[in-house]
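Asks: Pasting a structure here, questions to come.
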Amino acid sequence: MRLSCVQGQGALLPDGPLGQVTRYASMTRSSSYFSPSGCNCKRNSRQSGFSFAFWNLKFEFQQQVPGKHRRSCKFFGIDGQTQRRVNAQFPLKLAWMSARMTLASMEYTLGTGSPGCLMFIEAIANPNYSWIRQIGLDYPKDNTMEPIIWCDDSVLATVLRIMQVLDEIVQTDDINVDLLFVPFLWSREDQIGDAHLTRQRGSELVSYWARKQQFDPQGLMDHCVENNTISALHSVPDLMDVMELPPITRAIVSRSVIQLEECILHNPKDVTKRVYGFSTIQFSAGWPEGLRILLNTEARKVIDNGTGDELYWATNLAIIYRCEESLDMLLQAGVRFDIHRWEEMSPECALVAARRLFERRTKLFELAQNQLKDFEGEYTCNTSEEEAECLYNRLVAVGIQVDPSLEVQHGCTTIFHCSCLPLDHFRIFFENGFRNHSAYDELGLTAVMVYRRNLLSDNVYDEIDNQRYLSTLRWLQEEGFLDRSPEDPYNLGLNTNSTGWHYLAAHASIRAWDEDTKMLLHEASRWNAALLDSLTEEFSDQLNMAEPTTKEFNKFLKGYWRSRIEQLDVDEDIVNGMRECLSDVRTHVLPDRVKCFLDFDDSKSEESCTDDESTYDTGWDSSDEDRFEPQLDEDEEEFDNDEEEFGDSEEE
Numbered sequence: 001m002r003l004s005c006v007q008g009q010g011a012l013l014p015d016g017p018l019g020q021v022t023r024y025a026s027m028t029r030s031s032s033y034f035s036p037s038g039c040n041c042k043r044n045s046r047q048s049g050f051s052f053a054f055w056n057l058k059f060e061f062q063q064q065v066p067g068k069h070r071r072s073c074k075f076f077g078i079d080g081q082t083q084r085r086v087n088a089q090f091p092l093k094l095a096w097m098s099a100r101m102t103l104a105s106m107e108y109t110l111g112t113g114s115p116g117c118l119m120f121i122e123a124i125a126n127p128n129y130s131w132i133r134q135i136g137l138d139y140p141k142d143n144t145m146e147p148i149i150w151c152d153d154s155v156l157a158t159v160l161r162i163m164q165v166l167d168e169i170v171q172t173d174d175i176n177v178d179l180l181f182v183p184f185l186w187s188r189e190d191q192i193g194d195a196h197l198t199r200q201r202g203s204e205l206v207s208y209w210a211r212k213q214q215f216d217p218q219g220l221m222d223h224c225v226e227n228n229t230i231s232a233l234h235s236v237p238d239l240m241d242v243m244e245l246p247p248i249t250r251a252i253v254s255r256s257v258i259q260l261e262e263c264i265l266h267n268p269k270d271v272t273k274r275v276y277g278f279s280t281i282q283f284s285a286g287w288p289e290g291l292r293i294l295l296n297t298e299a300r301k302v303i304d305n306g307t308g309d310e311l312y313w314a315t316n317l318a319i320i321y322r323c324e325e326s327l328d329m330l331l332q333a334g335v336r337f338d339i340h341r342w343e344e345m346s347p348e349c350a351l352v353a354a355r356r357l358f359e360r361r362t363k364l365f366e367l368a369q370n371q372l373k374d375f376e377g378e379y380t381c382n383t384s385e386e387e388a389e390c391l392y393n394r395l396v397a398v399g400i401q402v403d404p405s406l407e408v409q410h411g412c413t414t415i416f417h418c419s420c421l422p423l424d425h426f427r428i429f430f431e432n433g434f435r436n437h438s439a440y441d442e443l444g445l446t447a448v449m450v451y452r453r454n455l456l457s458d459n460v461y462d463e464i465d466n467q468r469y470l471s472t473l474r475w476l477q478e479e480g481f482l483d484r485s486p487e488d489p490y491n492l493g494l495n496t497n498s499t500g501w502h503y504l505a506a507h508a509s510i511r512a513w514d515e516d517t518k519m520l521l522h523e524a525s526r527w528n529a530a531l532l533d534s535l536t537e538e539f540s541d542q543l544n545m546a547e548p549t550t551k552e553f554n555k556f557l558k559g560y561w562r563s564r565i566e567q568l569d570v571d572e573d574i575v576n577g578m579r580e581c582l583s584d585v586r587t588h589v590l591p592d593r594v595k596c597f598l599d600f601d602d603s604k605s606e607e608s609c610t611d612d613e614s615t616y617d618t619g620w621d622s623s624d625e626d627r628f629e630p631q632l633d634e635d636e637e638e639f640d641n642d643e644e645e646f647g648d649s650e651e652e
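Going letter by letter, the sequence shown gives residues 1 to 652 in full-length UniProt numbering.
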């Protein structure tokens, strides 16, 4: 790709091969500038520029400044316009680099008299086949081109060289680099776990950005913790130096058990310090070996229990990382558990959560047995969540100190009534002690009827596991989740005969996004559908303007409606096939009053149904049907005569 920018006036400079970085300046007599009459000044224009080339990138800048008039000349102070020309050539592999950035840098440094610039772009590629688009398809987001540069060490070296050259040309501290978009700090959709930077060139590039450019360390740390890419910082020591990470944080980042133990041995208090708002426990949520060591130190005292952003709770981070081992250790340590993260859990994390949650409910009832004299209850698999919540509130009300991990806060009838628990996790909780699924909530709904933001966990949709989806429905049916009807505690009479199947179908219909639906019809069918929509609106407007009489309605059906509806292209084979398929289907018969409006061809009666000026009355008798046909016949003959007269007028 070759890009040229011309500012000012004058002839274009010829394109030629560029060598290494060179600078030159010359003084020549300009013949391209206009010399006004009465001026004999010998003006010498100054021409300067530089050029450089490396790899396949070529860059050239030329500037020509016209000479000035002498002081004795009457045109003194009126100088010509400076001409500048920038010529950059780079291959398509570097097309991600915005050409505007280069031009803006030159204008920022040297100044410009015009707000815009003229651009000539030559793409040396087949326009019908885009290599860039094909490469982009290999990534989760095909419209993102940044990851392409991290696939080739030669490209990374070129990018580093470009940044160094631009830094020498621009020489400004106003350039900010957003390191959040560095691909090795991303969490790829098809990659779970730590992301390490393996390419040396990539490490050099990020190190250069960290040392030379400005970035937000707090935002970068938030991004790495949220996406479980904090260990990637270990590949860029310069980045950790700029962020001023303490030794214990560097030990966690490097995932080194030996370094972590040495830091704890020399400075035991460092385990309680926070770095950019995060504790050592949060940094180790995706590293079970280090987390086990820290939970045996004073770091256990600074575990966030109900404070701070819920997204960064240690248990929530373990769920996001899909690290069931860390989640198990945290729950054993008494860390609070956020039920709103159930839909993001993997099956392994759901198994750990169900087992530990049942143990916590059991401990709550054991505490009540020891502290309350009149309480003799026992937690069983059929105990509802409402009973557990009432017991917890009772213990708190009498002043008994209850561990925060035993709190029952979601307020659901049963664990299955929680709207954040997806259906594919029902079986996991059922097999780990929670069996009370037959209860009704305050609206009379069963567990499967409760509205859920996601019917199934995100894990099912990512894997596109159809067999797991079907097995979930089959298990729900076998355990009696789907065949029971709701209660009606408020006597509303709504959906009293429905079952769980009906509610699941309604939920699935709500979750069917419009953008995912496609009309799998041929072109004629799509054209007919669009035409039918427009005709429906047109007919509605015509009927609203017409008088509400049988005569006007007759004229509309036999005239305007028939002539317009014939534009639809109907496939006779499809219609006949529909008749055969519906031959055994019992359909509703039109009432006689409606039939007398539609079935004009079978009219044999002689009496009038109504007068011409009569409107649609509400009183109707079966004998009135015999009075309707003669008037329609007269209207039909009158309409036919009108058609003949209209045809004669067209011929004339």
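For each residue, glycine too, the CB sits at the ideal point set by N, CA and C. It should be emphasised that the depicted structure is a prediction, and the values quoted were computed from it without experimental measurement.
In three-state terms, what does DSSP make of residue 654?
Replies: Residue 654 lies beyond the residue range present for the chain, which begins at 1 and ends at 652; the question has no answer from this structure.
Asks: Have a look at ASN497 and GLN401 and give me their C-alpha separation to the nearest angstrom.
Replies: 47 Å
Asks: Between which residues of its own chain and SER485 is the CB-CB distance below 8 Å, once the five residues before and five after are set aside?
Replies: THR496, ASN497, SER498 and THR499
Asks: Over what stretch of residues does the alpha helix (DSSP H) that includes PHE365 continue unbroken?
Replies: Per DSSP, PHE365 belongs to the alpha helix (DSSP H) from 347-371.
Asks: Apart from the five residues on each side of it in sequence, which residues of its chain come closer than 8 Å, Cβ to Cβ, to PHE337?
Replies: THR315, LEU331, ALA353, ARG356, LEU357 and SER405
Asks: For VAL335, which residues of its own chain have a beta-carbon under 6 Å away from its beta-carbon, when the five flanking residues on both sides are left out?
Replies: ILE303, ALA314 and THR315
Asks: Go ahead and pull the three-state DSSP assignment for ASN528.
Replies: helix
Asks: Please return the same chain residues whose Cβ sits closer than 7 Å to the Cβ of ALA439, not counting the five positions on each side in sequence.
Replies: SER384, THR413 and THR414
Asks: Using 8 Å as the Cβ pair cut-off and three pairs as the minimum, do the region 375-392 and the region 463-483 touch?
Replies: no
Asks: What three-state label does DSSP hand VAL275 in the structure shown?
Replies: strand
Asks: When you compare only the Cα positions, how much space is there between SER608 and ILE565?
Replies: Unreliable placement is indicated for SER608, whose pLDDT of 41 sits below 50; no coordinate value is reported for it.
Asks: Since SER326 and ALA285 should fall inside the 8 Å C-beta cutoff, what is the C-beta to C-beta distance between them, to a whole number of angstroms?
Replies: 5 Å
Asks: If you check the beta carbons only, do ARG452 and ASP424 fall under 8 Å apart?
Replies: no
Asks: Going by the CB atoms, is the gap between CYS224 and ILE248 shorter than 8 Å?
Replies: no
Asks: Taking C-beta to C-beta, are GLY67 and ARG85 nearer than 8 Å?
Replies: no
Asks: With burial defined as no fewer than 16 other Cβ atoms inside 10 Å of the residue's Cβ, what is the status of ALA350: buried or exposed?
Replies: Burial state of ALA350 is buried, judged by a 10 Å Cβ sphere holding 16 or more other Cβ atoms.
Asks: Which of the three DSSP states, helix, strand or coil, is assigned to ARG85?
Replies: strand
Asks: Pick from LYS555, ASN267, LEU294 and PRO268: whose alpha carbon is nearest that of THR280?
Replies: LEU294
Asks: Establish whether the CB of GLU348 and some CB of chain D are separated by less than 8 Å.
Replies: Considering every chain present, this structure includes no chain D. It has just one protein chain.
Asks: Provide the residue span of the alpha helix (DSSP H) that contains GLN401, from first to last.
Replies: No alpha helix (DSSP H) holds GLN401; DSSP gives it neither H nor E.
Asks: Does DSSP classify LEU265 as helix, strand or coil?
Replies: helix
Asks: Assign GLU60 to one of three DSSP states: helix, strand, or coil.
Replies: strand
Asks: Measuring alpha carbon to alpha carbon, tell me which residue in GLY399, LEU364 and GLU479 is nearest PHE426.
Replies: GLU479
Asks: What did DSSP end up calling GLN282 once you bin it into helix, strand or coil?
Replies: helix
Asks: Output needed for GLN371: all residues of its chain with C-beta closer than 6 Å, excluding positions within five of it in sequence on either side, in chain order.
Replies: ILE400
Asks: Report, in whole angstroms, the separation of the C-beta atoms of ILE319 and ARG341, which I expect to be a contact under 8 Å.
Replies: 5 Å
Asks: Given ASN296, which residues of its chain have a CB within under 8 Å of its CB, disregarding the five upstream and five downstream residues?
Replies: none
Asks: Nearest to ALA53 by CA position, among ARG161, TRP287 and ILE78, is which residue?
Replies: ARG161
Asks: Near ALA368, which residues of its chain fall below 8 Å by C-beta distance, leaving aside the five closest residues on each side in sequence?
Replies: PHE375, GLY377, LEU391, ARG394 and LEU395
Asks: Out of ASN267, PRO288 and HIS266, state which residue places its alpha-carbon closest to the alpha-carbon of VAL253.
Replies: PRO288
Asks: Given this structure, state the Cα-to-Cα distance separating ASN87 from PRO246, to the nearest angstrom.
Replies: Each residue's alpha carbon lies about 47 Å from the other.
Asks: So, helix, strand or coil for GLN409, using DSSP?
Replies: Of the three classes helix, strand and coil, the one that applies to GLN409 here is coil, per DSSP.
Asks: Using only the alpha-carbon positions, how far apart do ASP194 and ASP238 sit?
Replies: Here ASP194 scores only 40 on pLDDT, less than 50, and its place in the model should not be relied on; the value that follows carries that caveat. Each residue's Cα considered, the two are about 20 Å apart.
Asks: Thinking just about the alpha-carbon of each residue, which of ASP441, GLY49 and CYS73 is nearest to the one in GLN64?
Replies: Nearest option by C-alpha distance: GLY49.
Asks: Under a three-way DSSP split, which group does VAL450 fall into?
Replies: coil
Asks: CA-CA distance, VAL165 and VAL206?
Replies: 16 Å
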